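To start, the structure itself, in C-alpha cells.
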Amino acid sequence: MKIALAQQNYHIGNFQENVTKIISAIRQAQDEGADLVVFPELSVCGYPPLDLLDQKSFIDKCIRAVESIAPVCKDIAAIVGGPAYNDDPAGKSLFNSAFFLYQGKVMDQVNKSLLPTYDVFDEYRYFEPNRQFKVIPFRGMKIGITICEDIWDNQPSPNAMGRTRLYTLSPMEELSRLHPDMVINISASPFSTSHEQVKKKILNDHAKKYCVPIVYINQVGAHTELIFDGASMVVNSSGEIVRELAWFKEDFHVIDMGEVDRMDAIAFSEKETTEKIYEALILGIHDFFAKQGFSKAVLGLSGGIDSSVVAALAVEALGQDNVTGLLLPSQFTSQQSIDDAVELAENLGIDYHILRIDNLFEQYKKLLHPLFNNMPEDVTEENIQARIRGNLLMAYANKFGSILLNTSNKSEAAVGYGTLYGDLAGGLSVLGDVYKTQVYDLARYINRSQTIIPENVLIKPPSAELRPNQKDSDSLPEYSVLDPILCRYIEQFKTPDDIIEEGFEEDTVMQVIRMVNRNEYKRYQTPPILRISSKAFGPGRKMPLVAYF
Numbered sequence: 400m401k402i403a404l405a406q407q408n409y410h411i412g413n414f415q416e417n418v419t420k421i422i423s424a425i426r427q428a429q430d431e432g433a434d435l436v437v438f439p440e441l442s443v444c445g446y447p448p449l450d451l452l453d454q455k456s457f458i459d460k461c462i463r464a465v466e467s468i469a470p471v472c473k474d475i476a477a478i479v480g481g482p483a484y485n486d487d488p489a490g491k492s493l494f495n496s497a498f499f500l501y502q503g504k505v506m507d508q509v510n511k512s513l514l515p516t517y518d519v520f521d522e523y524r525y526f527e528p529n530r531q532f533k534v535i536p537f538r539g540m541k542i543g544i545t546i547c548e549d550i551w552d553n554q555p556s557p558n559a560m561g562r563t564r565l566y567t568l569s570p571m572e573e574l575s576r577l578h579p580d581m582v583i584n585i586s587a588s589p590f591s592t593s594h595e596q597v598k599k600k601i602l603n604d605h606a607k608k609y610c611v612p613i614v615y616i617n618q619v620g621a622h623t624e625l626i627f628d629g630a631s632m633v634v635n636s637s638g639e640i641v642r643e644l645a646w647f648k649e650d651f652h653v654i655d656m657g658e659v660d661r662m663d664a665i666a667f668s669e670k671e672t673t674e675k676i677y678e679a680l681i682l683g684i685h686d687f688f689a690k691q692g693f694s695k696a697v698l699g700l701s702g703g704i705d706s707s708v709v710a711a712l713a714v715e716a717l718g719q720d721n722v723t724g725l726l727l728p729s730q731f732t733s734q735q736s737i738d739d740a741v742e743l744a745e746n747l748g749i750d751y752h753i754l755r756i757d758n759l760f761e762q763y764k765k766l767l768h769p770l771f772n773n774m775p776e777d778v779t780e781e782n783i784q785a786r787i788r789g790n791l792l793m794a795y796a797n798k799f800g801s802i803l804l805n806t807s808n809k810s811e812a813a814v815g816y817g818t819l820y821g822d823l824a825g826g827l828s829v830l831g832d833v834y835k836t837q838v839y840d841l842a843r844y845i846n847r848s849q850t851i852i853p854e855n856v857l858i859k860p861p862s863a864e865l866r867p868n869q870k871d872s873d874s875l876p877e878y879s880v881l882d883p884i885l886c887r888y889i890e891q892f893k894t895p896d897d898i899i900e901e902g903f904e905e906d907t908v909m910q911v912i913r914m915v916n917r918n919e920y921k922r923y924q925t926p927p928i929l930r931i932s933s934k935a936f937g938p939g940r941k942m943p944l945v946a947y948f
C-alpha cells in the first residue's frame, strides 16, 4: 500500500483555503499512485481552534468541509482531521476525530482518546475522550489510527512531580490487541527545542514494542504563539526512521508501506538548537503577519542585541522592504549605540528614521514638575523615556498599517526588567521565550556567513541607556548566571533548594525567584510570545496575578 503524507500549513477557520489545499494534495497523491493520503490533526479547521469550538456554526462548517472533501476520494482514500458531534447526551459535546474518506463518502471515524490538558493544551475543555478502539480494513490491510497525544501515553507528568506516566490508558496497547498492520498518527504537535528527541523516542519505543510501522503526519506553520515544525516521519517496525519530511515548511511524500521494513534507516535531522530557534521564529513572524493580512513591521532600533536580532529575523520573515526601524535616542543614548543601529539598518537594507526624544522628555518632566514637587528623579523618569518611545512606535504602526514587533527577551520578561506601555509594547513578542544568552547565540548564527549585526553589538555590555552609565548588570545578575537559574525554576520546575544544591549562590537564587514571582502583573500585559521552549510565558503558564507565595 502506498501512503502519501501531506504536511500542510493551515489557517484556523479559513475553510475554503484549507479544503482547497487538502483537495489539491489528494489529487497529487492520486497522480503519484498513492492508495491513501493522510493529513494532520484538525486539518479542516486548523489547530488549535480554541473557543471557536464552542460555536455551533463553526462546528457545522467543519462538518461541511469534511463532506465537501469526501466526493474527491473515490478511488483513493484520505484521512482528515476535524471535530465531530458526540451523539451521547452525557459527556462533552464534541470529539476530536479522524475521518476515513473513501468511495466518495465518510466511511469511518476514529476519535481521540488522550486529551492533553496541560501547558498550552486544553482539549478536555472541549472534547470527550474516546474509549472504543478499532482498526479500519482497507485494501487487505488493517489500519490503526491514533491522534497526536494518543501515542504520548508513556510520558511522565510535565510538571516534574514524580509521576512516571501521565495517563493510565494506552491507546497503542488497546490497538495492538486488534493486530493492526500499521498505525497512522495524525498530529498537530507544536515545536519546542527539546520536543523532537522525545517524539523520536516515543515513535521508536512504540514501533519496537508492538512490532508495527508508524506513519506520523504533523502540522506545520504558526498560529499566534504556537509554532508547528512539521518534521513528519515514517518509522519501521524496528523503530528506525526510514523517511522524514521537511522542517518548518510544507512537504509531500509518497511511501510504499510494503517496503518500509526493507528500507535503510536514515539519520534523524539533528539541527543545532540555535538553527531550530532561528527557523521557528522566522516561521512564527511570517505566519503571524500573513494570516492576519499584514505585511509590514516596525520596531525600535536601540543599537542593542535584542532589537538587532529581531530586525534580522523580521527581514528574513517579511522581506527588507516590509521592515522599518525607528531610532529614538535621548541624552542618555551613546553615539556608539546610534552608530550601531544605523549600521545594522544599512546592513539589512531597511528604511530607518532617527527621532530624538530629548525635547519630549523634557516637556514631560516640566509638565509633571508641579505634581512631583521637587522629588528626586528615579525609575519614574526612566520609564517615561520608554513610554515616549512606545507611543512613537505605536503612532507609526497605526499610521502605516504596521505591526510593532516587541524586542524584549525571556530573561527580562521573567524578572520584570521592562516598562509596561513602553518597551513591553507591541503586537508580537519575538524573543519573549528566548533567554538573553540564546539571543547572543542567535546573533552569532545570523552572522555565520557575513556580518549583519555589528560586532560591537555583540561585545558591548547590554544597557537600557535610561540613565548615565547604566548597565543591565547594575540591576540583574550576569546573564550567564541568571539564565540557568531561570531555566531551572520556570522550565524544569525546580525548587529554590534544588537550584542552590546545584552550586548557585543562595542570595542570588532567592533574589531571582522573588523577581520572577512579583512581576507576574507585567507578563499579564505583554504581547503574544512566540513559544520555542517547553514552558513559555503566556497561555501555557497560568499563574495567579494576586497571590501570596
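In this note's numbering, each residue's number is its place in the sequence shown (first place is 1) plus 399. Every residue, glycine too, gets a C-beta built ideally from N, C-alpha and C. Here the structure is a predicted model, which means the values were calculated and not measured.
V923 in three-state terms, based on DSSP: First, the residue type needs correcting, since residue 923 is Tyr and not Val in the sequence shown. DSSP places Y923 in coil when its eight states are reduced to three.
V641 - partner residues in DSSP beta bridges: For V641, which the question treats as bridged, DSSP gives no partner whatsoever.
Three-state secondary structure (DSSP) of I401: Looking at the sequence itself, residue 401 is Lys, so the reference to Ile does not match. Strand, per DSSP.
Within 8 Å, strictly: CB atoms of Q429 and I475: yes
Three-way DSSP call (helix, strand, coil) for D663 in this model: In this structure, DSSP gives D663 a state outside helix and strand, which the three-state scheme calls coil.
Contact test: E780 Cβ vs the ligand SAH heavy atom, cutoff 7 Å: For the ligand SAH, the structure offers nothing, since it holds no ligand at all.
Contact between the segment 827-844 and the segment 805-817 (3+ Cβ pairs under 8 Å): yes
Straight-line gap, D552 to P612 (C-alpha atoms, nearest Å): 18 Å
DSSP three-state assignment for Y878, whether helix, strand or coil: helix
CB of N948 within 8 Å of CB of N916, strictly: Correcting the residue identity first, residue 948 is Phe in this sequence and not Asn. Yes, the pair counts as a contact, with Cβ atoms nearer than the cut-off.
Coarse secondary structure for L767, derived from DSSP in three states: When secondary structure is reduced to three states using DSSP, L767 falls in the helix class.
Bridge partners - N773, DSSP secondary structure assignment: Beta-bridge pairing links N773 to no other residue.
Sub-8 Å separation of H622 and I458 beta-carbons: no
N790 versus G821 - alpha carbon distance: 7 Å
Cβ separation of L743 and A710, assumed to be a contact under 8 Å, to the nearest whole Å: 6 Å
C444 classed as buried or exposed, judged by whether at least 16 other C-beta atoms fall within 10 angstroms: buried
Cβ contact check for the segment 714-733 and the segment 696-705: 3 or more pairs under 8 Å: yes
Span of the alpha helix (DSSP H), counted from its first residue to its last, around T672: 672-689
As assigned by DSSP and simplified to three states, the class of H752: strand
Closest residue to L404 among K859, V634, R866 (Cα-Cα distance): V634
Beta-ladder partner(s) of P828, from DSSP: Before going further, note that residue 828 is Ser rather than Pro in the sequence given. DSSP, once it has assigned bridges, lists N805, I928 as partnering S828.
Neighbourhood of F903 by C-beta distance below 8 Å, restricted to the same chain and skipping five residues each side: V880, P883, I884
As assigned by DSSP and simplified to three states, the class of Q493: Residue 493 is actually Leu in this sequence, not Gln. Three-state DSSP puts L493 in a strand.
Among Q762, L759, F526, N746, nearest to K491 - alpha-carbon criterion: Here the closest residue by C-alpha is F526.
Beta-carbon proximity of K401 to D655, cut-off 8 Å: Result yes, Cβ atoms of K401 and D655 sit closer than 8 Å.
Euclidean distance between Cα positions of L857 and Q849: 14 Å
Contact set for D507: own chain, Cβ-Cβ below 6 Å, skip 5 residues either direction: Once the five neighbours on either side are set aside, the close Cβ partners of D507 are F499, I535.
Where A485 falls: helix, strand or coil (DSSP): Checking the sequence shown, residue 485 turns out to be Asn, not Ala. If DSSP states are grouped into helix, strand and coil, N485 belongs with coil.
Sequence ranges, beta strand (DSSP E) only - wholly within the segment 574-599, length at least 3: 581-586
Completely contained alpha helix (DSSP H) runs for the segment 539-572, where each covers 4 or more residues: none
Pick from A477, D660, E811 that is closest to G503, judged by C-alpha positions: A477
Contact under 8 Å by Cβ, A587 with Y446: yes
Cβ pair L792, L725 closer than 8 Å: yes
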